[in-house]
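Step one of this worksheet: look at the structure below.
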Amino acid sequence: MKFNTTIHITIGHFSKLMLIIGMFLLSAQSKTWAQTKMYADNATEVSTDERVVSLTGCGLAGAFPCNGPTVVNSTNAEGNTTDYSSLYAYGGLVAGAGSYEAIIELDFPTTVSANTWSYVRIDTDTGLLDGLLGGSLGGLVTGLLDATLLGNQEIVIDARLNNSSVLSRSSEAGFDTNTVRLVEDASGFTYIAIRPSSTYNNIRITHKKSALVDLGGEKELKVYNAFYFDSVGGECGRPFATSFDGDGGIGISLLDVQNQNLNNAIDTDLNTYSSLQSGSIVDLSVASSLQQNFYFSSPGSDDNTLNIKIALGSSGLASVDLISGIQVLLYDEDDALIYTRSLQSGLLNDAAALGLLDNGDPITVTFAPGIAFSRAVVKLNSLLGVDVIGDGIKIYDVQRYDEDVTGCDNPLIAALPTATTGPLETPSCAATLLDFENVDFPGYAVDDNNESYAVLNADAGNLLTNSASAGYVKMDLGSVAADQITYVRIGYDEDVLDRLLGGTLGQLVGDLANDLLLGNQYIQVQAYDAGGTEILDLNSGDFFGGVNGNATGNVTVVEDNIGRPYLAIKPSVAYSSIQITNHVTAVLPTGKESALHVYNACFETGIDPCFAANFTSYTGSGVSLSLAELSAAGVTNPYRAINENSSDYSEINLGVAGVAATVYQSVYFSQPSQAGDHVKVRMSLEPTSLLSLDILGTYKIKFYNGITQVGPDYNLQSGLINNIDLLGLFVAGGSVTLDFESPGIFDRIDVGLESLVSVGTTAPPMRLYEVSRYGDACPIVITPSPFEESLCLSKIVDSQNANELQNLTDEDFDSYATLNSGAGFLFGSNQFEGFVEMGYDIAVDAGVTSYVRIDFDTTILDGLLSGSLGNVVSGLLDGLVLGDHYFQVDVKNNTYDGNGDVTSSTTIASASSNQASVGGNDMIRVVQDAVGRYYIAVTPNQAYNAIRITDITNSALGLLIEPNSMNVYGMCTEISEDRCLDAFATSYEYSGLNLSVNDVSGAGVTNPSYAIDDNTQHYSEISNGTLAVGTSTKQWIFFNTVSNTTDIAVINFKTGGGVIDLDVLGGLQIKAYLGNTEVAMFDFGDGIINGLNVINLLNNGNTVSLNFRPGVDFDRISVGIETLVGVSVFPPVHLYGVNKLCNSSFLITNPMIYQKVD
4 MKFNTTIHIT IGHFSKLMLI IGMFLLSAQS KTWAQTKMYA DNATEVSTDE
54 RVVSLTGCGL AGAFPCNGPT VVNSTNAEGN TTDYSSLYAY GGLVAGAGSY
104 EAIIELDFPT TVSANTWSYV RIDTDTGLLD GLLGGSLGGL VTGLLDATLL
154 GNQEIVIDAR LNNSSVLSRS SEAGFDTNTV RLVEDASGFT YIAIRPSSTY
204 NNIRITHKKS ALVDLGGEKE LKVYNAFYFD SVGGECGRPF ATSFDGDGGI
254 GISLLDVQNQ NLNNAIDTDL NTYSSLQSGS IVDLSVASSL QQNFYFSSPG
304 SDDNTLNIKI ALGSSGLASV DLISGIQVLL YDEDDALIYT RSLQSGLLND
354 AAALGLLDNG DPITVTFAPG IAFSRAVVKL NSLLGVDVIG DGIKIYDVQR
404 YDEDVTGCDN PLIAALPTAT TGPLETPSCA ATLLDFENVD FPGYAVDDNN
454 ESYAVLNADA GNLLTNSASA GYVKMDLGSV AADQITYVRI GYDEDVLDRL
504 LGGTLGQLVG DLANDLLLGN QYIQVQAYDA GGTEILDLNS GDFFGGVNGN
554 ATGNVTVVED NIGRPYLAIK PSVAYSSIQI TNHVTAVLPT GKESALHVYN
604 ACFETGIDPC FAANFTSYTG SGVSLSLAEL SAAGVTNPYR AINENSSDYS
654 EINLGVAGVA ATVYQSVYFS QPSQAGDHVK VRMSLEPTSL LSLDILGTYK
704 IKFYNGITQV GPDYNLQSGL INNIDLLGLF VAGGSVTLDF ESPGIFDRID
754 VGLESLVSVG TTAPPMRLYE VSRYGDACPI VITPSPFEES LCLSKIVDSQ
804 NANELQNLTD EDFDSYATLN SGAGFLFGSN QFEGFVEMGY DIAVDAGVTS
854 YVRIDFDTTI LDGLLSGSLG NVVSGLLDGL VLGDHYFQVD VKNNTYDGNG
904 DVTSSTTIAS ASSNQASVGG NDMIRVVQDA VGRYYIAVTP NQAYNAIRIT
954 DITNSALGLL IEPNSMNVYG MCTEISEDRC LDAFATSYEY SGLNLSVNDV
1004 SGAGVTNPSY AIDDNTQHYS EISNGTLAVG TSTKQWIFFN TVSNTTDIAV
1054 INFKTGGGVI DLDVLGGLQI KAYLGNTEVA MFDFGDGIIN GLNVINLLNN
1104 GNTVSLNFRP GVDFDRISVG IETLVGVSVF PPVHLYGVNK LCNSSFLITN
1154 PMIYQKVD
């Protein structure tokens, strides 16, 4: 779950305006917080005056006993007062002689609808109510009480329509049914609750005693009032009442009952709690349970969510056994069970939450069943033969929320994310749920937002609770033709998804893995026709029946062009609905659980034949693997072969190949090709001296239409242009673009490699940069610029040893010039360098960034991306390692004559990659954009109009070093003045003292571009490793335009494990900058922001959506971790996104932010 800390504080008359608007909105809501209590307004004494009020004083000469009413002050029970009516009962001396009972009727002003709960507030001093409050345990509890004290006291409630009873029950039978209960409210007041199935207009209460000899004497029952809730409102807030129950071999003491403080769980004090515990387990051969029930005053709505704040009764008890024994159950207004979850769900892999529970600290868990509920239950189960109930659990708070009620948004759930661009041209998506079970947020699967998701819960069952359970959603798609693919976007366990993405190769890996560890978690896919008949049923347990499925259709796990995973479902006959089910099974009931996220289900209705490849997957066969080699074969990052970054690639690897082994990456198009279409395949091979023509023959390209291959297998030579030396190019580490003419109509291309009997050496991995389609009707697409409005180089000022310079000034963002350099002979003789100097027509202002896109050795670029970390690493390593090949950057301000020749030049800034610049925010740095392209970002402190890039090879090894090259794509700067542009680039920085190579290990940022890309399932990971005090790691987020004082940076993150307290939270630093100057820092203070405990949210494993309003102009955000003195290391931060929210309102700065004052 995620939460949002939007803090709005108003000032001046603007606050008055907002108050008026708020009142209007509140009055316009169709749902409200409170319900009105409709009280009985007429009380009638039904019993006669049989009570002996004195032994003498009446009758002849006052010698006889005086009798009085058994109901005293009956009118006190009318309406809503704090007074009460007293009902007296006595069992008599012998065999009922002299006994009497009290009866009162409470009339409602109007007839009450059937199935409406009414509540009668009562009280007595005998302890009977403590037993009755225990539901089915009531008999056990009352059995603990002194029988003389109770005196067989009995209470009967009778709902009536005029003079006819419609529902009656006695306390001797127990107030423990779904129509009659005894409950307690937040103030500790006790009520008999009754729900007749037909209309009624009065409640009769009878108080009596029965005993052969009543030694307990007269007893009083206080009746305060009777009421029911009207039908409007009640969707929000805490339960009205609570009770407890249990079964099996529970042993419970009177002290247990008296110490439960049940009402503390529903009062307004978040620091008080109820205790659910038993003093002993009577029979360890019987499974036992205790539960606390929570009753809401209305059924609520399908949009209701529920938060429960809970802790273990003692520290050091956070075992899997105990946690898996705690369940949350929800019931509808007819008391039918509609939802079951274990506390274990989502916590087994959450070290922080488990740590809090183990320390005895509370956590808050959110549930979103997607269906109205009127009763919630927290249930504690005991293992057969083992007492894990013991000290039990503490329940601090239970609250229900509804997003449709003003002021009732769940604080632990963020507002819905903004929908993003999907992979389909014109999608038609499911908009209706036909059925679901065991799902949180089920409606999010059909809400037309591809970034919200339903959570399908499943578990393998355990010895404490029950058998395995599954979660599913069934979605209505309308009418879908046979063989039309529906794509269901999902989020799942990454290891399982990686296996499924690998098709048959993944199946091989799965066969090697230990199913007890994997828990046999699998996804079931079913399709139904318009009549509701199942026409497809495949599951991932057998990899959906293999590559081609079966006669009913096939299911493939694919990735889109930014790495989002999908189920591609292709039934062989027409269909109208899809059901997705999440399963977990295990040989042993280990309690393993999993959550499957379902975002949406859509199929393509577009008809553009030129639409680019939008999905990919891979498969393999014959590969010889051991468990130690699971990662050696397959395709790494498949989506990068079809993404926007032409410098990026997937890597296809056979690993340790057997005879006739294969690995192929499949690339899918939404529409079939047209006659005469061509395919471009750009690729390279990992450089190796083992390459030969025979090995080149093991690389293949295949065309398919559906599952049918079109034409023969093609080798690399088949796609050559101009008969270039393919072998020589690959040996030198270069890439090549191959061109294949379509042998027929196709919608899928497989690119891969095979091992052959005649070739004894395994082929090196293939790097696949691009697979695209073009033809007469679909010309080659020019990659657009990522800038909103750009100023780019207008001239080549100078160059040397540079090829294809014309590409620098064309309109194709993916075309490039190549700079060449070589070491020459020993000691630098005949050394040569390549450079290009690019110029603008006009000067660029100081502080404005220009970006020069480059390709270089990726390992070196990754080091340079880390700014000062790159500097630290290069300083620790042998200079020859990073010094063999490097580039130099010179920023200039040139003066030109009338012919465009340089007459004078001033160098403003210079930097060299073999001496990485300190600080990721200085004038020259290496950054990545959202799709992972590398740039040299130049931000001089003076005006400039030219940048020179020089490629250099310099080594004492001379002839032993091959010539080198780098690619330069061009130079541009953003000139748009739109302050709302998304983040453009990122890098990271590290600082610290006394470092060694081993110290650096584990620190840094993994996949930094994931923090600003469009895939919301991606994240960068910021880690300080195990670095010493005073060290820090931070990721920079760069915007190309300056935000104003009202704009907000929305930072989405969570922690990767580890317990966080207030001291540790101080190590998380979020700052804003204007250029290189720090202007604001987020102050977490005491960890409470807008009433929300950020520490608890992070420890509970929630994604935090933090709204950071610096209150000043800014163009950079940093998110970092610092190791503080005497404080545990802050756990790794998963940074999902940093986005800009432009706000033109008059809201003042977030008070949790302070501006930086130097």
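Residue numbering for the sequence shown is 4 to 1161, as defined by this note's numbering. Ideal placement from N, C-alpha and C gives every residue a C-beta, glycine not left out.
For the 8 Å CB-CB criterion, GLU1125 and SER1046 do not form a contact. Between PHE376 and TYR334, the C-beta spacing is below 8 Å. Here PRO365 is near LYS312, since their CB atoms are less than 8 Å apart.
Within the stretch 214-245, the runs of beta strand (DSSP E) at least 3 residues long that lie entirely inside it are, in chain order, 222-232. Counting along the chain, the unbroken beta strand (DSSP E) around THR1058 starts and ends at 1051-1058. In the DSSP secondary-structure assignment, LEU96 is not bridged to any residue. Assignment of GLN720 by DSSP, reduced to helix, strand and coil, places it in the helix class.
Look at TYR447 here: in three-state DSSP terms it is helix. CYS1145 counts as exposed, since fewer than 16 other C-beta atoms from the protein chains shown sit within 10 angstroms of its C-beta. Contact check between the stretch 891-901 and the stretch 930-949: three or more CB pairs, one atom from each, fall below 8 Å, which counts as touching. Assignment of ILE326 by DSSP, reduced to helix, strand and coil, places it in the helix class.
When the Cα atoms are used, ASN155 and THR119 turn out to be separated by approximately 30 Å.
C-alpha of ILE1063 to C-alpha of LYS1057: approximately 12 Å in a straight line. Excluding five sequence positions before and after PRO302, the CB atoms of its chain that fall closer than 6 Å to its own CB belong to GLU336, ALA375, SER377, given in chain order.
Taking all protein chains shown into account, LEU1071 has 16 or more neighbouring C-beta atoms within 10 Å of its C-beta and is therefore buried. In the structure shown, TYR334 falls within a strand segment according to DSSP collapsed to helix, strand and coil.
Under the three-state reduction of DSSP output, ARG751 falls in the strand class. By the C-beta criterion, the stretch 1010-1022 is judged to be in contact with the stretch 566-583, since at least 3 inter-stretch pairs fall below 8 Å. For the options LEU1138, SER201, LEU131, the alpha carbon positioned closest to that of GLY177 is the one of LEU131. Rounded to whole angstroms, the Cβ separation of GLY609 and ASP680 is 18 Å, and the two are not in contact under 8 Å. Annotation for THR209: the continuous beta strand (DSSP E) segment containing it runs 203-212. A Cβ-Cβ contact shorter than 8 Å links LEU868 with VAL929.
In this chain, LEU1077 is not harboured by any alpha helix (DSSP H); it is covered by the beta strand (DSSP E) spanning 1071-1077. If you draw a straight line from the Cα of MET686 to the Cα of ALA379, it is about 58 Å long. Ranking THR862, ASP844, ALA484 by CA distance to the CA of ASP900 puts ASP844 first.
Residue pairing for CYS61: DSSP places it in a beta bridge opposite PHE67. As DSSP reads the structure, ASN1142 sits in a beta bridge with VAL1053. For THR193, the enclosing beta strand (DSSP E) stretches over residues 193-197. Put simply, of GLU175, GLN674, GLN834 the residue whose alpha carbon is nearest the alpha carbon of LEU135 is GLU175. DSSP places ASP893 inside the beta strand (DSSP E), whose first and last residues are 888-899. The beta carbon of VAL601 lies closer than 7 Å to those of ALA448, TYR456, ALA457, LEU459, VAL476, VAL491, ILE493, ILE583 in the same chain, with the five residues before and after it left out. When the five nearest sequence neighbours on each side are left out, the beta carbons in the same chain lying within less than 6 Å of the beta carbon of ASN266 are those of GLU187, ALA189, GLY191, in order along the chain.
Setting aside the 5 residues that flank it on each side, SER579 is surrounded in the same chain by ASP479, LEU480, GLY481, SER482, VAL483, TYR531, ASP532, ALA533, each with a C-beta closer than 8 Å to its C-beta; the list follows chain order.
For the 8 Å CB-CB criterion, ASN413 and THR271 do not form a contact. Around the beta carbon of GLY973, 16 or more other beta carbons lie within 10 angstroms, which makes this residue buried. In the DSSP assignment, GLY101 falls outside any beta strand (DSSP E) and carries neither an H nor an E.
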